[in-house]
Each structure stands twice: as C-alpha cells, then as structure tokens.
Amino acid sequence: MSKVKGFLTYPRKKNPERNPLTRTKDWGEYTLRHSEKDMKEQSARCMDCGTPFCHTGAEWGRSAIGCPINNLIPEFNELVYQGKWKQALARLDETNNFPEFTGRVCPAPCEGSCTLAINSDPVTIKSIENEIIERGFDNGWVQPEPPTHRTGKKVAIVGSGPAGLAAADQLNKAGHWVTVFERDDRAGGLLMYGIPNMKLEKETVERRVNLLKEEEIEFKLNTEIGVDISREQLTKDYDAVIVCTGAQQPRDLPIEKRESKGVHFAMDYLTRSTKALNDGSEFPISAEGKDVIVIGGGDTGADCVATALRQNCKSVVQFGKHPEQPKDRTDDNPWPHFPLTFSLEYAYEEAYKKYKKDPREYEILTKRFETSDDGSLKSLQTVQVKKELVDGEIITKEIPGTEKEWDTQLVLIAIGFTGPEKDFLDQFNLKNTDRGLIWTKKSSYMTNQEGVFAAGDARRGQSLVVWAIREGREVADECHSFLMNQHKAAYIS
Ligand SMILES: Cc1cc2nc3c(=O)[nH]c(=O)nc-3n(C[C@H](O)[C@H](O)[C@H](O)COP(=O)(O)OP(=O)(O)OC[C@H]3O[C@@H](n4cnc5c(N)ncnc54)[C@H](O)[C@@H]3O)c2cc1C
Ligand code: SF4
-12 MSKVKGFLTY
-2 PRKKNPERNP
8 LTRTKDWGEY
18 TLRHSEKDMK
28 EQSARCMDCG
38 TPFCHTGAEW
48 GRSAIGCPIN
58 NLIPEFNELV
68 YQGKWKQALA
78 RLDETNNFPE
88 FTGRVCPAPC
98 EGSCTLAINS
108 DPVTIKSIEN
118 EIIERGFDNG
128 WVQPEPPTHR
138 TGKKVAIVGS
148 GPAGLAAADQ
158 LNKAGHWVTV
168 FERDDRAGGL
178 LMYGIPNMKL
188 EKETVERRVN
198 LLKEEEIEFK
208 LNTEIGVDIS
218 REQLTKDYDA
228 VIVCTGAQQP
238 RDLPIEKRES
248 KGVHFAMDYL
258 TRSTKALNDG
268 SEFPISAEGK
278 DVIVIGGGDT
288 GADCVATALR
298 QNCKSVVQFG
308 KHPEQPKDRT
318 DDNPWPHFPL
328 TFSLEYAYEE
338 AYKKYKKDPR
348 EYEILTKRFE
358 TSDDGSLKSL
368 QTVQVKKELV
378 DGEIITKEIP
388 GTEKEWDTQL
398 VLIAIGFTGP
408 EKDFLDQFNL
418 KNTDRGLIWT
428 KKSSYMTNQE
438 GVFAAGDARR
448 GQSLVVWAIR
458 EGREVADECH
468 SFLMNQHKAA
478 YIS
C-alpha cells in the first residue's frame, strides 16, 4: 500500500462511457478506457486490507462474496499504482484465463465486497482489471504459449462458452490434446451469440479464440455432438469428455395468442441480430419503427432494450414482476454481499436519454396478446400485481382496476431459462437434478458417467461469465487428475 490514505485523497472515478445518445447510432462498445493517471489514482484507493473480502469468492446460496475466481486484487492494484503493468498482468493471469471478458461484462461482486463499500465508494476493480489485460495486448505481452510437453491424452469439450474455453485452456496448458466442439459457426458461446456487441465486441472474443488456436487447441465448429458425432464415437475417440453446453433453453410464456407473428424469444432476437451484424446481412427480426415490449426484468431483457434502440425502434418498454430496487442496501442485504440496489444500467440510461423516461415498468403481469386479422401482433394486456405473505407463503395478487392495453408490434420474451437441452442429456444418459441441470457428484464435476464431466451453466444454471470461468478451471483440475490416474493405472498394469 504505497499511497497511504489514497482512498481519502481520490474519489472513485467511474469507468468512462460514450455519450448515451450517440453510441446508440452504432454497435461499438459503450465503455471507454481510463487514462494512465486515473488508473494510478484509482488503484491508490485500495487499502490493501488485512482481510480483503474482495477476492474471497465465498459462496452464499447461489451468489458469492467477492470474486468467484479469487483474483489477487490488492496485489494487482499495488502493482498498477507502481506502474508495473507487466507484473500486474502476471498476477491476473494466475487466476483469470480471460480478464478481457470479465473486465467488460462482470457485474463485479468484488466491488460490492470491497471494504471501502461499507461506507463509501468501492475501488474500481473491474476497470483496473480490463486496463491491465488491454495493456498486455497493446504491448505484445500476451503471446501464444503452446505447452512444451504433451501427455498423449485426448479431451473433448462440448461447447465453446467461457466454461468450455477456460477448461480447454487449463487442460491444454497441462499438456493434454484438447478439441472443442461447437455447433455454432463461431466459438464463444454466449460471449459470441448472447452478450451483445455494445457490451463485448466480437473481435475481442475472436482475439482470444485465435490465441487458443495458436496454442494448439483444436476447434471443430458447426459440429453438434449428438447429431453430427454420436456419444459412442466421442467417448471412443477421447480419454475424457467435458460437457459445457450451457443452459439456453428459454422459459416460455404460455398465454393466449402466444403464437402471434411478432412474439419472439429474447435469445432468438439477440443471437440473430449478432449473426446479422457479423455477416453484414439484414436483421431477420428488426425493431425498426416498432413499439417494442420486453417481458422480463433481467439482464437479457436489458440487452434487448439496447439492441432495439440501435435498430431504431419507435418506443421500448421492459416489464418486470418485481418492485423497483431500493436506493440503498436493506437490512437483509448487508455488506459484503452483492448490493441489490437500484442502478441505471447502460441500456436504461440510453432509453432514458432518448425518451426522457426509464423504460422499466415494475410489478406488471402480461395476461394476453391481441392480433390483427392476419395474425400479426397488435397489442398486449397487462395487470399490476403485488406480492403478499399469506399463511407464511408469498403469493402474487393481481390488483383489480389496473388492467391496461399496450400497443406493440414486437414482443421479446426474456423470462429466464429452464436449463440445458433434454435430448442431449438423454443421449449421454446423464442424470439431471430436480432443476433440470446436469447432475454431478457432490463437490465434484464428474457426472454419473465415468470420464464424462460437466461444468458451467449446464451444471450450475444460468449464471455469470466469471462463474463459468471458475467452473471451467475447476473441472479441468478434476479432469487432469482423472487422466493422470488413468495413465498411472495403465503404466502399473
Ligand atoms: C443475453 C445474455 C446476456 C448476458 N450478459 C452477461 C453479462 O453481462 N455478464 C455476465 O457475467 N454474464 C452474462 N450472461 C451470462 C453468461 O453469458 C453465461 O453465464 C455464460 O456464458 C455461461 O457459459 P457456459 O460456457 O456455461 O455456456 P454458454 O456460454 O451458454 O455456451 C454453451 C455453448 O455450447 C454450445 N452447445 C450446446 N450444445 C451443444 C452440442 N450438442 N454440441 C456442440 N455445441 C453445443 C452452444 O452452442 C454454446 O456455444 C448473459 C447471458 C445472456 C443470455
Ligand atoms: S472477475 Fe469480476 S468479481 Fe473478479 S475481480 Fe474481475 S470484476 Fe471483480
């Protein structure tokens, strides 16, 4: 901690962002980079606490306190303050395979757990992380490093999202031959087709995938396991298989006239919009000139709002079933937990600046769609709801007299995901949990099939990039032990 009292000298400086009104005219990232001076001052705010909660990654239910991959935050902050960027990169590399992804899209649970956040603004950890890796690329410090020895073992990874990529990177470093199978035309999973360009430009994803290829990881794209290659073939050709297929089955809204022309799943809309941008073709589902309604108050819905704005929608509204979040932490959401407080995310700020109104509508339930004679969507009807505690159970009650009709020509359903695809689980005879996720042994990543592992959203349920990276790293450790024990057994016999 070179700069004693840095946290008293410098206020937190938010990551700079492009103007919300002009950035919606293109698809470039909405964030900018800090200057060197800002980074030095912001890293000086770190107090190098005796017990830093920011890097603990301790699980609490389905969330965590601090960084899930245990980034060595106070250490890299100090190195950045001293201007030792290359050493800071070496520290970051120890725990994070892809800081350029988390540095852009992580919701930064580390910052919610920063000691400064008890009564002040936390250190801007996420921006520092991003700056370290981007300087690494700018200065040519990030170079392919293929392993110097090979074990001769072969691993197949199904799915190229952050979990699959992290597992591939770790196992390749350990000397195994790794092949990643991906059914899409590009690698990256939701990093490529899910998270939109304005949060994560696709060149950034391809930059990392190319590096992994140069390190001798093989990618087989447009290859769906279970369709193009059978389970029998895969398990015969490889010594171990890791299933990282994600949990992209969307939850549906089975209400009247759901089949209307103009009602789509958010993921279809986002994926096809990104594919069109990659290919330079027309948007197959376009919001242009339409009154858009996004059903679902989460992050996927927010990405739909931002995408619709860039396609020049006429208006955009996002429905959520929960009440507006409080400005400050509540008693049941104390530090060092992730703060569940109101924030104006990038998409909402853009909509607010354009229409002078927050696009979010709270505690609202969609009842039915209405169509024109040709079956195309015309409007939808809603009612306001309130949660009530009845006999110890929380129930959602409709409020009489609050029914409302909304004109709309494009509805995007973003009410969550039900889990991985059932057909795939059946083909592999994989046991599933009561939530429909892939079952693995307690505190382990091995499925009910010997030598078949699972990690990421497919095992955990829809989560975050940082959790996918953690699961990818941990499953790689287990897979490595499995392969090396196999090797020993063969050697002994
Ligand atoms: C719209 C959206 C926005 C998000 N934004 C953020 C964000 O800002 N920050 C954040 O931290 N998290 C975000 N997330 C969550 C995050 O993207 C996921 O938690 C993460 O990508 C999960 O990684 P994964 O590797 O487990 O699976 P995925 O990223 O889902 O990748 C799974 C891959 O497996 C492939 N696959 C599936 N079946 C097969 C098969 N049979 N054969 C071959 N390939 C197959 C799929 O095509 C896919 O490429 C977002 C999610 C969505 C949907
Ligand atoms: S990966 Fe996420 S939680 Fe970890 S240090 Fe980076 S921003 Fe914070």
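Read in our numbering, the sequence shown has 113 at position 126, and its numbers run on one by one without any break.
All C-beta atoms, glycine included, are put in the ideal place defined by N, C-alpha and C.
Identity of the residues DSSP links to residue i by a beta bridge
i	result
Arg347	Gln305
Val129	In the DSSP output, where bridge partners are listed per residue, Val129 has none listed.
Leu364	Thr358
Glu380	Val377
Val398	Val250 and Ile280
Asn419	Ile425
Val529	Residue 529 lies beyond the range of the chain shown here (-12 to 480); nothing can be said about it.
Met433	Phe440
Arg29	For clarity, residue 29 is Gln in the given sequence; the question names Arg instead. BP columns for Gln29 are empty, so no partner.
Thr353	Thr369
Ala45	Ile52
Phe404	Pro237
Cβ-heavy atom distance, residue i to ligand 1, below 6 angstroms
i	result
Pro86	no
Ser260	no
Thr287	yes
Gly460	According to the sequence provided, residue 460 is Arg. The question's Gly does not apply to it. No; taking the cut-off as 6 angstroms, the Cβ of Arg460 has no heavy atom of ligand 1 nearer than that.
Thr232	yes
Leu177	yes
Ile212	yes
Phe440	no
Asp444	yes
Val372	no
Ala153	no
Glu193	no
Pro55	no
Proximity below 7 angstroms, CB of residue i to CB of residue j
i	j	result
Gln220	Glu408	no
Pro149	Ala442	no
Ala104	Trp322	yes
Cys33	Val110	yes
Glu98	Ile115	no
Thr383	Val370	no
Val303	Val279	yes
Lys340	Pro7	yes
Gly162	Thr138	yes
Ala155	Gly438	no
Ser366	Asp394	yes
Pro86	Glu201	no
Gly267	Gly284	no
Gln29	Lys1	no
Gln449	Phe404	yes
Gln396	Lys277	yes
Ile282	Thr166	no
Trp495	Leu76	The requested residue 495 is not part of the displayed model; the chain covers only -12 to 480.
Gln298	Ala274	yes
Ile56	Gly90	no
Leu331	Asn320	no
Heavy atom of ligand 2 within 6 angstroms of residue i beta-carbon
i	result
Lys113	yes
Gln116	Checking the sequence, you will find Glu at residue 116 rather than Gln. Yes - ligand 2 has a heavy atom lying nearer than 6 angstroms to the Cβ of Glu116.
Thr18	no
Pro109	no
Cys36	no
Thr89	yes
Ala95	yes
Asn2	no
Asn58	yes
Which of helix, strand or coil DSSP assigns to residue i
i	result
Ser468	helix
Trp72	helix
Glu458	helix
Leu327	coil
Phe(-6)	helix
Leu451	coil
Thr18	strand
Glu332	coil
Gln157	helix
Lys314	coil
Glu243	strand
Lys481	Any property of residue 481 remains undetermined from this structure, which presents the chain solely from -12 to 480.
Glu275	coil
Gly123	helix
Glu4	strand
Any non-hydrogen atom of ligand 3 closer than 6 angstroms to residue i Cβ
i	result
Val453	You won't find ligand 3 in this model; what it holds is ligand 1 and ligand 2.
Inset, instruction - Would you mind listing the alpha helix (DSSP H) stretches within the segment 48 to 102 that are 4+ residues and don't spill past its ends, in chain order? - result: 60 to 68, 72 to 80, 86 to 92 and 96 to 99
Inset, instruction - Please specify which runs of the beta strand (DSSP E), each continuous and at least 3 residues long, are wholly inside the segment 172 to 236, giving them in chain order. - result: 205 to 207 and 227 to 230
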